[in-house]
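Working notes for the structure below.
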Ligand SMILES: [Zn+2]
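In our numbering, the protein residues as written are 18 to 301.
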């Protein structure tokens, strides 16, 4: 059934130029490529998003609804929602959200360095201002940096009970965060945006694209570390749900055991034959 299909989208062109794009759809193990213009139709067949409230000292989190309605973008150039990378290669991408405390960030960077793994970090501007040394270490380690907004508001208001941000407020959030991260590392977070609380709709896809964020990066596997999963459970989830092109979401904060599980996750995925890449790598 189409509702069980996992869709991921791969931009074949260089990340900054969306000259051509293909959507790879894998349903119950089979996969095939279809051509698609960047972004609108695929959303209609995506599975419901798993809730990923970040453990931040922000307003109480409301879990995302079990059934996410189809997302349609009412503009010519919406950002591409990415839930999975290239499903034809034996590669996965580890991503880490940073928006609460520094937590296990140093340990995670050491584990990644020891294992020779390049990962991707989604950072808020506030977190980056508080931990510039860690942001610098991420960049120096060759990891990819994604924009996670300045102070982690819900762009739609869904998870926070607030109203939706205006287009200008959304752009300000992105630009403030990017300015902070660029001042620390010299590199931009464009074109990768991960929405706080996983909240987005068609208008968000349009607004972030207009600001240079061509990819709205979701995930394939949520380790549930943010939700209290034990290290053992995180390892089990990560290894049992591995698939080609999978994007994993983990968190750096002290409330999650993702860092504790990470060495075993990396070893286990390698034993299954997977290599590791950044979000840019896995979209190729
Ligand atoms: Zn977050």
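Ideal Cβ positions, reconstructed from N, Cα and C, are used throughout, including at glycine.
Predicted, not measured: the structure shown is a model, and the values here were computed from it.
Give the straight-line distance between the Cα atoms of residue i and residue j, rounded to the nearest whole angstrom.
i, j, result
"residue 105", "residue 262", "7 Å"
"residue 120", "residue 96", "31 Å"
"residue 167", "residue 139", "11 Å"
"residue 189", "residue 126", "29 Å"
"residue 210", "residue 199", "15 Å"
"residue 284", "residue 91", "43 Å"
"residue 290", "residue 254", "17 Å"
"residue 300", "residue 135", "14 Å"
"residue 114", "residue 202", "18 Å"
"residue 258", "residue 176", "27 Å"
"residue 159", "residue 137", "9 Å"
Below 8 Å on the Cβ atoms is my contact criterion, and I expect residue i with residue j to pass it. Report the Cβ-Cβ distance as a whole number of Å.
i, j, result
"residue 230", "residue 213", "With a Cβ gap of about 13 Å, residue 230 and residue 213 do not count as contacting."
"residue 302", "residue 240", "Past the boundaries of the shown model lies residue 302; the chain is included only from 18 to 301, so the question cannot be answered."
"residue 161", "residue 296", "6 Å"
"residue 298", "residue 110", "7 Å"
"residue 108", "residue 294", "5 Å"
"residue 205", "residue 195", "6 Å"
In the DSSP assignment, find the beta strand (DSSP E) that holds residue i and state where it starts and stops.
i, result
"residue 175", "Where residue 175 is concerned, there is no enclosing beta strand (DSSP E), given that its DSSP letter is neither H nor E."
"residue 137", "137-140"
"residue 108", "108-115"
"residue 163", "161-164"
Taking all protein chains shown into account, decide if residue i is buried (16 or more other Cβ within 10 angstroms of its Cβ) or exposed.
i, result
"residue 247", "exposed"
"residue 317", "The structure shown does not extend to residue 317, since the chain spans only 18 to 301, so no value can be given for it."
"residue 102", "buried"
"residue 179", "exposed"
"residue 116", "buried"
Using only the heavy atoms of ligand 3, determine whether one of them is closer than 8 Å to the beta carbon of residue i.
i, result
"residue 211", "The model depicted lacks ligand 3 and carries ligand 1 instead."
If you follow the alpha helix (DSSP H) that residue i is part of, which residue opens it and which one closes it?
i, result
"residue 225", "219-227"
"residue 234", "Segment 232-234 is the beta strand (DSSP E) holding residue 234; no alpha helix (DSSP H) there."
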